[in-house]
Amino acid sequence: MIGSVMSYNVYQKLNFIMMRNFRTINNLKRLTTAKTLLAAAFLLTLTSCLKNDDDYTPQQVAAVSIFHASPGTQAFNFITDRGTGSGPFTFSQRTFYNLYAAGQRRISIRKVGGTQDTLRTGTVNLETDKFYSIYVVDAAPNPNFLIIKDSLTSPAAGKAKIRFLNLSPDAGALSLTTASDSLLFNTTAYKVHTAFSDITGNKTYTFKIKNNGTDKATRQNVEIKTGRVYTIWAKGIDNTTNDTLKTGIQVSEHLSDF
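Sequence positions in the sequence shown follow the numbering used here and run 388 to 645.
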């Protein structure tokens with residue numbers, strides 16, 4: 388048995404997700420083969436614990452996804468006061484949900500390689516059985532944390548859920564539309580996110596972000612699947628000639644079919 392067992396509500400959701408990932412490994416982009424196999428083995432051990440050990444003390448945990456949304460900030464590792472963490476992250480990269488001990492946590496991001504200098508520290512109160520997205524935001528050299536509690540509920544039949552988050556520091560208030568300029572979310576300020584909203588699933592979309600009617604970025608051929616939950620977020624800097632850091636659109640999936 389591996390230490391104490393995670394709280395069962397989070398376990399159930401992550402068990403489903405990881406086993407789905409294991410079944411679709413050939414098409415999976417967000418986990419390597421080795422990581423997926425380790426995750427499956429870990430869950431099999433936990434399942435055994437849940438079935439066979441009547442004396443375990445459940446560990447209070449939350450699930451956390453980390454995003455690098457700070458244009459110009461170099462690659463970093465994410466670290467907590469428990470010595471746990473993940474990385475390295477380069478701009479626009481994220482992790483899927485990982486488990487962290489619930490409670491008041493000190494968090495930091497540290498440069499990859501070399502002196503491993505700390506770029507930013509902060510605190511977060513992780514509630515048991517809750518899901519969080521932690522975005523590293525604001526342009527270099529002053530990255531900060533944006534912490535969002537993810538209220539994840541199932542979409543309606545035939546639908547997916549999306550929300551919009553504006554993380555482009557200099558693009559102004561942004562609206563999200565479809566290719567035909569059908570408005571999905573209106574005038575969202577920097578570092579503000581909308582509530583989740585249902586959208587027709589199993590459909591391919593083109594999304595655009597606009598400021599005062601002017602297109603700032605377009606993302607084509609985005610497949611939105613029924614039963615899944617997504618954050619569509621604006622990234623990057625509007626006023627730059629560096630294409631890597633230019634304002635764009637990211638689409639990040641959360642949980643699905645739960």
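For glycine and all other residues, C-beta sits at the position ideal for the given N, C-alpha and C. This one's a predicted model, so the numbers in the text were calculated from it and none came from an experiment.
(message) I need the straight-line Cα distance from Asn573 to Ser562, nearest angstrom please.
(response) Your numbering for residue 573 matches position 186 in the sequence shown. Your numbering for residue 562 matches position 175 in the sequence shown. Their backbone Cα atoms lie some 4 Å apart in a straight line.
(message) Residues in the same chain with beta-carbon distance under 7 Å from Asp585, minus the five sequence neighbours each way, listed in chain order, please.
(response) For the purposes of this step, residue 585 is taken as the residue at position 198 of the sequence shown. So the list reads Pro542, Ala543, Lys546 and Lys548, once near-sequence residues are dropped.
(message) So, does the region 503-520 touch the region 448-463, judging by three or more C-beta pairs under 8 Å?
(response) Touching, yes, given that three or more Cβ pairs across the two stretches are closer than 8 Å.
(request) Give a yes or no on whether the C-beta atoms belonging to Ala558 and Asp602 are separated by under 8 Å. (result) Counting from 1 along the sequence shown, the entry for residue 558 is found at position 171. Counting from 1 along the sequence shown, the entry for residue 602 is found at position 215. No Cβ-Cβ contact shorter than 8 Å links Ala558 with Asp602.
(request) Buried or exposed for Arg615, please, with buried defined as at least 16 other CB atoms from any protein chain shown within 10 angstroms of its CB. (result) One-based indexing of the sequence shown puts residue 615 at position 228. Around the beta carbon of Arg615, 16 or more other beta carbons lie within 10 angstroms, which makes this residue buried.
(request) Determine the burial state of Thr618: buried for a count of at least 16 other Cβ atoms within 10 Å of its Cβ, exposed for fewer. (result) By 1-based counting over the sequence shown, the position of residue 618 is 231. Under this definition Thr618 is a buried residue.
(request) On the DSSP bridge assignment, give the partners of His580 in chain order. (result) Here residue 580 refers to the residue found at position 193 of the sequence shown. DSSP lists Leu552 as the bridge partner or partners of His580.
(request) Measure the beta-carbon distance from Ala526 to Pro458 and round it to whole angstroms, keeping in mind my assumption that it falls under 8 Å. (result) Locating residue 526 in the sequence shown gives position 139, where the first residue counts as 1. Locating residue 458 in the sequence shown gives position 71, where the first residue counts as 1. Rounded, the Cβ-Cβ distance is 5 Å, consistent with contact.
(message) Please return the same chain residues whose Cβ sits closer than 6 Å to the Cβ of Leu425, not counting the five positions on each side in sequence.
(response) For the purposes of this step, residue 425 is identified with residue 38 of the sequence shown, where counting begins at 1. Confidence at Leu425 is low in this model, with a pLDDT of 36, below 50, so the placement of that residue should be treated as unreliable; the coordinate-derived value is given next. If we look at Leu425 and ignore the five residues flanking it on each side, it has no Cβ neighbours.
(message) Can you give me the C-alpha to C-alpha distance between Ala456 and Val448, rounded to a whole angstrom?
(response) Position 69 of the sequence shown holds residue 456. Position 61 of the sequence shown holds residue 448. Rounded to whole angstroms, Ala456 to Val448 spans 25 Å at the Cα level.
(request) Return yes when the Cβ of Thr510 is within less than 8 Å of the Cβ of Ile494, no when it is not. (result) Locating residue 494 in the sequence shown gives position 107, counting from the first residue. Locating residue 510 in the sequence shown gives position 123, counting from the first residue. Against a cut-off of 8 Å, the Cβ pair of Thr510 and Ile494 comes out as a contact.
(request) For the beta strand (DSSP E) containing Gly490, list its first residue and its last residue. (result) Residue mapping note: residue 490 aligns to position 103 of the sequence shown, counting from 1. Segment Gly490 to Lys498, the beta strand (DSSP E) holding Gly490.
(message) Can you find the residues in the same chain that come closer than 8 Å, C-beta to C-beta, to Leu565, ignoring five residues on each side of it along the sequence?
(response) As a working note, residue 565 is residue 178 in the sequence shown. The question names Leu, but residue 565 is Thr in the sequence shown. Around Thr565: Leu571, Tyr592, Thr593, Phe594 and Lys595.
(request) In angstroms with no decimal places, state the Cα-to-Cα distance between Thr613 and Thr587. (result) Looking up residue 613 in the sequence shown gives position 226. Looking up residue 587 in the sequence shown gives position 200. C-alpha separation (whole angstroms): 7 Å.
(message) Please classify Ser569 as buried or exposed, where buried requires at least 16 other C-beta atoms within 10 Å of its C-beta.
(response) Within the sequence shown, residue 569 is the residue found at index 182, counting from 1. When all chains shown are included, Ser569 counts as exposed.
(request) With Gln447 as the anchor, note down where its beta strand (DSSP E) starts and where it stops. (result) One-based indexing of the sequence shown puts residue 447 at position 60. Gln447: not part of any beta strand (DSSP E); DSSP gives it neither H nor E.
(message) If I measure Cβ to Cβ from Ala421 and keep anything under 7 Å in the same chain, skipping five residues before and after, which residues do I get?
(response) Within the sequence shown, residue 421 is the residue found at index 34, counting from 1. With a pLDDT of only 34 at Ala421, under 50, the local geometry of the prediction cannot be trusted, and the value read off the model is given with reservation. Counting only Cβ-Cβ distances below 7 Å, and skipping sequence neighbours, we find nothing.
(message) Whole angstroms are fine: how far does the CA of Gly490 sit from the CA of Pro556?
(response) Here residue 556 is taken as the residue at index 169 of the sequence shown, counted from 1. Here residue 490 is taken as the residue at index 103 of the sequence shown, counted from 1. Taking the straight line from one Cα to the other gives about 30 Å.
(message) On the DSSP bridge list, what partners appear for Ser520?
(response) Along the sequence shown, one-based indexing puts residue 520 at 133. Its beta-bridge partners are Ser452 and Ile535.
(request) Rounded to whole angstroms, what's the CA-CA distance from Asn599 to Thr575? Just pull it up for me. (result) Residue mapping note: residue 599 aligns to position 212 of the sequence shown, counting from 1. Residue mapping note: residue 575 aligns to position 188 of the sequence shown, counting from 1. Approximately 11 Å, taken between the alpha carbons.
(request) Indicate the three-state DSSP secondary structure (helix, strand or coil) for Phe483 in the structure shown. (result) If you number the sequence shown from 1, residue 483 lands on position 96. Residue state, collapsed to three classes: coil.
(message) Among the candidates Arg507, Asn464 and Val523, whose CA atom is the shortest distance from the CA of Ile678?
(response) Look at the range of the chain in this structure, 388 to 645, and you will see that residue 678 is not part of it.
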